[in-house]
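Chains as they are written, first to last, in our numbering: chain G, 1 to 506; chain Z, 1 to 509; chain C, 1 to 101; chain W, 1 to 195; chain L, 1 to 633.
Ideal Cβ positions, reconstructed from N, Cα and C, are used throughout, including at glycine.
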Amino acid sequence: MIDAIEVPSIDWVALLPLTSLLFGALLLLATSALVPGRLVARLAAPFTLVVCAVSLGASVFVWRRLGEGTAPFADVADAVAIDRFGVFVAAVIAMAIALSTLLAQSDRSLQRLGNIELYALFLLSGSGGVMLAMANDLVVLFLGLEILSIALYVLAGYDVRRRESREAGLKYFVLGGFASAFLLYGIALLYGATGSTNLGQIGSFLAANLPSHQGLLLAGLALLIVGLAFKVAAVPFHSWAPDVYDGSPTPVTAFMASAAKAAAFAGMLRVLFTTFPTLADQWRPVIWVLAVGSLVVGAFLAIAQDDVKRMLAYSSISQAGFILLGVEAGSSFGVSSALFYLLAYTFMVAGSFAVVAIVAGGGGRPRPADEGRVPQHRLSAFRGLSARRPTLAFGFTVLLLAQAGVPFTSGFVAKFGVLGAAVGADSYALAIVAMLTAVVSAYMYLRIVLTMYLVAPDPGAPRVSIPAMAGAGLVVAVAVTIVLGVVPGPALSLARDAVPTLLGAG
Amino acid sequence: MLSALVILPVLFAVAVALVPARHAPAARWLGVAGATLVGVLSVVVLVRFDVGDGGFQMVVDRSWISELGVSWHLGIDGISLFLVVLTGLLFPLVMAGVKPEGSAGQHDARAYTAWMLLLEAGCLGAFLALDLFVFFVMFEVVLVPMYFLIGGWGHGDSSKAATKFFLFTMTGSAFLLVGIVAVAFLNQQATGTLTFDLVTLADSQSLATTTGRWLFLAFAAAFAVKTPVFPLHTWLPDAHTQAPTAASVILAGVMLKLGTYGFLRFGIFLFPEAANYFAPLLVTLGVIGIVYAAVVATMQPDLKRLIAYSSVAHLGFIVLGLFAFTGQSVTGGVIQMVNHGVSTGVLFLIVGMIYERRHTREIAKLGGLQKSAPVMAVCFTIAMFSSIGLPGLNGFVGEFLVLIGSFSTRRWWTIVATTGVILAALYLLWAYQRVFHGTPEGDNATMPDVTRREGLVLVPLLACIVVMGIYPRPVLDRIEPAVDRLVARIDDRSPYDVPADGGTAEEQR
Amino acid sequence: MTVTDTWYLVLAALLFGIGGVGVLVRRNPLVMFMCIELMLNAANLTFVTFARALDDVGGQVVVFFVLVVAAAEVVVGLGIIVSILRRRPDATADDLNVLAG
Amino acid sequence: MELAVFLVAAAFVLVGALGVVLSRNPVHSALMLVLTLFGIAVLFVQLEAGFLAAVQVIVYAGAIVVLFLFVIMLLGVDRIEGLARDPLVAQRPAAVVVMGAVVAGILVGVDAFSSSQGAPSMTGSLSGAGSNVEKLAEVIFTRQLFAFEATSALLVIAVVGAVVLSRRGDADSVDDGAVGDDGDQAVPPAPRGVR
Amino acid sequence: MLSAVWLIPALPLCGVLVLALFGRRLGEPLAGWVATTFVAGSFVAGVVTWIGLLGHDEEHRQVVFRLFTWISVGSFSVDVGFLVDPLSITWVLFVTFVGALIHLYSISYMHGDDRFGTFFCYLNLFVFSMLVLVLGDNLVLTFLGWEGVGACSYLLISFWFQRDAAATAGKKAFVTNRIGDWGFMTAMFLLFWTLGTLTYVGGSGGGLLSASETLTTGTATAVALLLFVAAAGKSAQFPLFVWLPDAMEGPTPVSALIHAATMVTAGIYLLARLNPVLHLAPSAGDVIAVVGAFTALFAATAAVAQRDIKKVLAYSTVSQLGYMFLAIGTGAYVAAIFHTITHAFFKALLFLGAGSAIHALDGEQDMRRMGALRAVLPITATASIIGWLAIAGVPPFEGFFSKDEILAVVWQDNPGLWFVGLLTALLTAYYMSRQVFLVFFGHARWDDPAHGSRHPHESPALMTIPLIVLGGLSIVGGLINLPGVETLGHFLEPVFGERELHLTVSGASQVALAAVAVVVAVVGILIARRLYLRDPVALETGEHPSVEPELLRRAWGVDGAFSAFFGGPGRRLALAAAAFDRSVIDGAVRGTASVVQRTGQRSRVIQSGLVRRYALGIVVGAVVLMVVVAVGA
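Spelled out as structure tokens, the structure:
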């Protein structure tokens with residue numbers, strides 16, 4: 001009576017960037033359960049790095065394959081988009097995981113809490129991000145987002161002994177749940193308006209018959225954007241970000257600011273750009289509002305902070321505003337600029353938080369009195385860093401200047417790109433707002449630089465030691481930041497090739 | 001060749017930064033060697049420059065970021081030639097001749113030298129760039145080394161001044177960046193290719209009048225801040241006052257010229273119509289700057305601040321010249337950029353020497369220094385006279401050309417600007433009197449005179465002041481063809497009937 | 001009087017609204033969480049309503065996945081809440097304000 | 001008949017929802033949640049989603065709410081929450097107004113729906129032959145196979161999360177009670193605008 | 001012979017270089033001798049050139065030597081080149097001659113100064129600049145010299161820079177001159193704009209001098225007046241004369257050379273050089289004549305009450321320069337130049353004499369503490385008496401001829417101005433007599449116990465030789481342009497041509513006018529004698545307060561008014577501008593910064609840390625987005 005269900009064909013290789021992360025996590029968990037002793041714990045970080053490398057390798061492979069004859073396609077019954085866009089973001093996320101792992105491995109207090117679950121959650125969360133980026137179905141998008149988020153709730157509250165970490169976990173969870181309810185409701189309305197959750201089907205439906213009464217459609221779209229904007233921490237959905245970034249263990253913050261942001265932007269870009277181009281006149285003003293809000297709030301609140309971690313949190317809001325410039329443009333140049341920005345920002349922000357972690361003593365000898373207390377993120381902890389740790393200070397300076405958009409760093413090229421996209425889309429006002437808030441932000445970056453270089457260190461300042469892993473991560477981040485600033489060509493052309501198209505239509 | 005001018009200092013900067021800490025003093029001399037090499041290169045460029053050619057020479061054009069249509073496009077013409085040479089020569093001089101300030105413990109010769117070299121690279125890059133992107137990159141990147149030099153080796157509340165400098169300039173550049181991007185993308189919409197190439201963009205002229213005017217304003221915002229044009233000048237006195245001597249010299253001598261050079265090379269070249277349209281505004285501001293800054297300068301209690309305001313006044317002359325759009329005035333403006341660099345450079349150097357010896361720049365605390373340091377007084381006097389515009393010294397040539405050229409198109413403003421000549425004498429001589437004249441007391445009486453090392457820095461610059469005042473022909477001959485080309489561009493759109501080769505009013509009747 | 005789909009949709013919207021208000025006005029994190037569940041259920045009801053209106057299975061399948069998500073969320077969410085309330089049983093959402101500014 | 005069922009179920013749903021929000025005791029809230037979930041299950045039946053109705057009752061009412069109650073009891077936090085007034089100025093009216101605006105916005109969209117609709121049966125017909133469960137199963141294992149597999153990751157996370165969060169954080173002796181637990185017991189600090 | 005012209009400025013320039021590089025090593029007195037030699041050489045070169053010029057016939061006495069192109073952009077081009085014509089060579093001769101004598105005098109006068117070499121370096125530089133001024137073949141080069149002499153004047157006035165008065169005076173001189181320079185520059189711009197050239201002779205359009213005949217009256221008037229502003233600054237005409245009395249703070253040879261004989265005549269030279277422009281602007285000429293006459297009278301009244309021996313001479317110089325401008329304005333260029341030359345001789349003589357007296361009294365400059373020096377300083381006294389008689393206009397001394405010529409021409413043009421001139425002549429005779437009586441006659445008042453015992457003695461030969469030479473010239477100098485013969489007038493004929501206003505009054509009238517002038521001079525002398533040599537109190541105290549009112553000593557308070565303006569409203573204006581810059585303009589910048597910062601601080605409130613507020617924010621955002629979407633649609 002029941003017909004045999006015909007399982008859809010699956011191109012497993014194409015899914016490798018995603019599955020390698022997922023299986024890596026499972027393997028890690030399974031091994032740790034089966035093999036006793038500290039061996040697994042010791043090998044967990046290298047293993048995670050290997051998993052990231054495999055994922056990255058798979059991404060490269062799939063990228064190549066997509067370039068050589070294979071057109072982008074929708075896999076697993078049109079639920080997953082196999083295209084260079086997804087692969088690009090998958091690669092970014094894999095790199096972000098790797099950097100965060102390096103950072104976490106150097107964080108003693110996290111290590112004492114057990115690192116295996118940490119890395120597993122990184123990998124799982126990352127796989128959710130990749131899923132989000134590759135989603136060709138709103139259900140997959142929702143699931144990807146939830147996988148990403150739920151793992152992050154845990155990660156934010158990972159350091160349960162610390163009050164800040166717990167608070168961050170709860171805030172993120174409550175607000176995240178609240179926002180995903182909006183997202184889900186939006187998907188429901190879109191489903192009602194179009195009859196499908198599949199992006200390809202929605203896209204072709206809208207292309208064929210744009211309903212005269214768009215109320216349902218637009219309400220759904222608005223709520224969908226609410227959910228995604230929450231994840232990218234765009235104003236006015238940003239309010240969780242400073243507190244959660246501040247309270248979470250620093251490696252987790254780095255992960256949130258890089259991987260999670262990239263994934264959410266990927267989802268936003270794909271949905272808006274491929275599926276709803278016909279509604280561009282409606283969603284572009286929305287993104288415009290989000291962009292201006294993020295730029296202004298991010299910049300103005302950042303300068304009022306005394307805590308470097310919080311400064312960087314607000315800075316990440318303003319950077320999100322810049323990326324939204326590329327989204328707002330609604331052009332393929334805008335998309336590729338946003339992608340380049342994501343790539344560049346991943347390294348900038350991961351490196352920056354690495355410095356915060358190092359200075360906060362994540363790698364130093366734990367001082368019992370400090371344990372569990374507010375860590376040394378305050379600006380005063382950076383006083384005279386150039387005298388104490390010139391290389392570290394220099395590295396941080398490069399990363400900060402990159403975020404300020406100083407030439408010969410990836411940040412400049414990234415800003416240039418999104419600005420170009422905005423201007424190309426005639427959004428002059430937005431471009432000017434962006435550049436002026438960049439000046440305001442620059443004040444904040446300069447304040448940190450100033451403190452490191454021009455203020456004498458406190459006499460009793462603790463010795464800052466740079467743990468090998470975090471140091472390596474920092475070196476990579478700085479190097480990439482500079483290289484992308486001097487020879488951005490290759491990366492730009494990768495981003496250009498990664499502009500998505502509507503898949504699985506019909 | 002030109003690429004080497006930009007890249008060499010960077011390489012040396014990296015090398016200097018990599019010198020081990022215990023050899024830090026050697027780093028300085030490595031840096032000086034690098035700067036000297038660049039200086040020699042710039043002289044080679046000067047020698048190889050084809051005098052009669054008004055176009056770009058020694059052009060380098062390589063693809064850099066093809067994805068964005070950006071190319072590494074460098075070239076030199078009469079307008080940039082002497083700015084490049086000035087940069088090439090000023091840097092080794094100040095690096096070798098000026099002991100970096102800052103307490104011994106804090107001072108790191110490596111960092112200082114490396115920043116200086118990076119600054120040099122940026123300045124040269126900006127002067128040589130023929131690609132808007134490259135120009136902007138260089139224009140913006142110079143802020144960083146300057147920020148560190150002012151902040152790290154400055155005096156007083158230097159970090160605040162450095163931040164003010166950085167942010168003020170960056171605000172201007174914000175508009176410039178939007179403008180540059182807009183020019184390129186509008187051109188792309190019109191022609192289909194995305195390029196930032198100056199010449200291509202200038203030739204295609206695809207902009208509507210109103211758009212061109214807006215974009216010119218965006219460009220002008222950045223350049224007006226950098227120049228600085230009244231009323232955007234207030235960062236300059238602060239920056240100068242707190243900056244270390246070497247940075248002050250470079251700031252006044254080279255970096256301010258990025259603004260006026262930008263006006264000329266990019267503002268006027270790309271938007272001749274808009275430049276014409278806004279010329280009255282800029283001329284007005286320039287002239288206000290001349291008079292206003294001079295008046296303000298008279299009352300400055302700090303010698304360095306006073307000279308900083310004199311810079312504002314001098315750059316007002318340059319702006320007047322550039323926007324009067326005659327061959328003489330623009331040529332005068334260009335040569336005045338160089339002149340101001342040299343003479344104000346000397347003034348700042350001497351103020352630095354005084355500060356090094358007396359630990360103050362407050363005019364009230366100085367006096368009678370001519371008695372204790374006669375050679376220094378002579379050097380100051382020469383530079384002062386140059387600054388005042390005494391004929392026979394270089395300052396006169398530029399100022400006079402600016403004024404005589406401007407007179408034909410901006411008569412009344414020129415007459416007002418000429419009063420700046422009176423005021424300049426007033427505030428400089430008064431300052432000189434208070435600092436050098438009178439009977440020295442206390443530490444002023446025992447202040448040592450110029451040392452040999454300092455003399456070696458001053459002498460070439462003073463020689464330059466005299467030689468360029470007496471025989472400016474070689475300089476003018478090289479500047480003029482390029483300026484003529486530029487002026488011819490504007491004249492096509494000028495409401496004034498000024499023949500390109502400057503016929504007379506009589507002939508016109 | 002026939003019950004049209006609109007009735008269901010309006011009901012769902014009201015439920016969503018009540019849930020939303022609940023999150024905003026309640027201070028007990030557990031109750032706030034319950035209110036979020038209300039909102040998810042509102043979405044579910046909408047899906048199922050649309051599924052019938054469109055004569056499409058897809059909507060119902062989505063609900064299935066939402067249930068799984070809700071379950072996972074509950075596990076993690078309650079874990080976090082427990083970790084807080086265990087240390088301070090009378091803590092309300094308003095008390096969590098160490099991180100601010 | 002349909003009307004009656006709908007009205008009763010809707011009443012369950014709304015009363016339950018209001019009960020969740022208005023009960024001062026979290027235990028009551030949890031029980032009211034059950035009421036709502038039950039009402040929704042009834043509506044699911046009405047909407048030809050029998051399987052989902054069952055799952056709703058079993059999973060939601062059965063498992064999830066029990067978890068809630070378990071936590072409440074475990075922690076003994078079944079304290080009465082003073083609802084008389086909200087310490088946050090204007091929070092309540094603002095909440096009602098803005099949430100009302102959202103609902104109003106959705107209702108505008110819903111109204112519009114009556115005259116426009118999406119493409120029918122894109123995934124598969126609901127009314128065709130076969131049981132509801134069969135149809136669901138087919139979609140889950142074909143169209144939504146990927147999503148189905150993805151849920152596994154979600155469950156793994158839930159497990160790992162539970163493990164991680166349930167640690168007392170005493171992997172280390174320098175910890176909680178002493179310094180680590182940072183004075184949560186102290187008088188709660190007043191809400192601060194600026195730190 | 002003419003090709004020696006480049007040597008004229010080149011020799012002093014060599015002197016400058018030599019002294020700048022080796023001045024200290026040469027030391028005293030060698031540095032002085034070197035400098036003197038170079039200037040003397042320059043004089044010789046000048047004479048050679050002059051002889052060469054005489055070799056040309058009258059129409060061709062205008063030779064240009066171009067060395068190199070100085071500044072050239074587009075149509076604007078000026079050379080470094082020398083224009084040799086009667087006008088320039090006249091100046092060259094008396095400048096180098098008087099200059100050489102004063103150099104010589106300075107060797108002794110500056111004895112013992114520790115910046116001996118520097119002094120001569122500056123002096124040489126001055127002579128060089130002055131020669132460039134007069135020889136330059138274009139206005140810009142003239143301007144170079146013009147500014148050069150100004151700068152040297154500045155350096156030399158404030159030579160004793162330790163003295164505040166000297167430093168201030170130097171600055172004042174330069175800045176006041178700069179006001180004139182504004183006129184000079186603007187005149188150049190106007191000329192270039194209308195004529196397209198600034199080269200006097202040759203080049204496009206045949207040169208400035210011939211092309212200027214095409215100027216409209218309006219332009220010509222504007223140019224003439226602007227040039228007069230320039231001349232007024234340099235030649236200390238009202239109201240820009242204020243710097244000259246103060247300039248007496250410089251060493252006396254400087255006063256003699258720069259502030260009496262040469263530099264201050266640059267204004268005369270400039271106007272004479274551009275006489276074609278002046279010719280087209282009769283109303284400008286009137287202005288010049290009136291201002292000149294007024295200045296002459298005004299300064300003479302001020303001279304009456306001065307106590308400082310040099311101040312008397314300074315105001316006298318201003319007054320005499322007023323005569324020259326009166327002549328220029330009237331169109332009597334030759335008369336003006338004639339008076340310039342005679343003035344150079346007798347005023348240099350008077351200054352050097354005064355210097356000698358000051359020297360003898362160890363720097364005493366107050367005439368009230370002089371007197372009866374005739375006995376101890378016979379040569380100085382004799383020379384000064386010659387100078388006195390010359391300036392007073394007593395025949396046959398040279399001043400009589402030159403002043404008489406001016407008065408005659410002015411009578412012919414405007415009797416009103418003639419009367420002013422005559423009044424001035426009266427005052428001149430009076431105040432110069434007063435000076436001579438106070439210094440050389442009467443009682444010796446220098447041995448004031450309060451100031452210690454003094455033993456004045458005659459100056460050394462190096463100082464007296466120039467006195468003797470100049471004294472001789474002051475007697476016979478009138479020969480160069482005797483009425484009826486007019487050697488100078490004929491020599492300068494090619495320069496001015498028919499633009500020169502020639503005397504047309506009858507010979508009898510001329511004699512009558514001369515007689516009046518002589519009478520006036522004698523009356524002036526007699527009044528002075530009555531007041532200062534016949535009054536016992538005045539003999540004793542060296543002053544006669546009733547005829548030396550304070551107001552006149554302060555030159556009618558003009559200088560005070562200037563100082564009050566610059567020290568008062570001017571200073572306040574500058575202070576206000578500085579305050580405006582600090583508070584308003586920079587205040588706007590700082591204000592923006594602080595507003596941004598404060599906004600940031602204030603907005604932190606929204607980040608309250610309260611989850612429910614955040615959730616509310618999300619809902620608000622959702623509403624906003626829905627509205628925007630709806631509006632966008």
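Residue i in three-state terms, based on DSSP
i, result
"methionine 348 of chain G", "helix"
"leucine 83 of chain L", "strand"
"threonine 36 of chain Z", "helix"
Beta-ladder partner(s) of residue i, from DSSP
i, result
"histidine 73 of chain Z", "Z:Asp61"
"threonine 49 of chain L", "The partner list for threonine 49 of chain L (beta bridge, DSSP) is empty, contrary to what the question assumes."
"alanine 74 of chain G", "G:Ala81"
"isoleucine 71 of chain L", "L:Val78"
Whole-number beta carbon distance between residue j and residue i, since they are thought to touch under 8 Å
i, j, result
"valine 10 of chain Z", "alanine 121 of chain Z", "5 Å"
"serine 603 of chain L", "phenylalanine 300 of chain G", "6 Å"
Exposure of residue i, with buried meaning 16 or more beta-carbon neighbours within 10 Å
i, result
"serine 248 of chain Z", "buried"
"asparagine 41 of chain C", "buried"
"glycine 172 of chain Z", "buried"
"leucine 456 of chain Z", "exposed"
"aspartate 86 of chain W", "buried"
Beta-carbon proximity of residue i to residue j, cut-off 8 Å
i, j, result
"tyrosine 314 of chain G", "glycine 293 of chain G", "no"
"tyrosine 431 of chain L", "alanine 303 of chain L", "yes"
"glycine 514 of chain Z", "glycine 148 of chain L", "Residue coverage of chain Z in this structure runs from 1 to 509, which leaves residue 514 of chain Z outside it and unanswerable."
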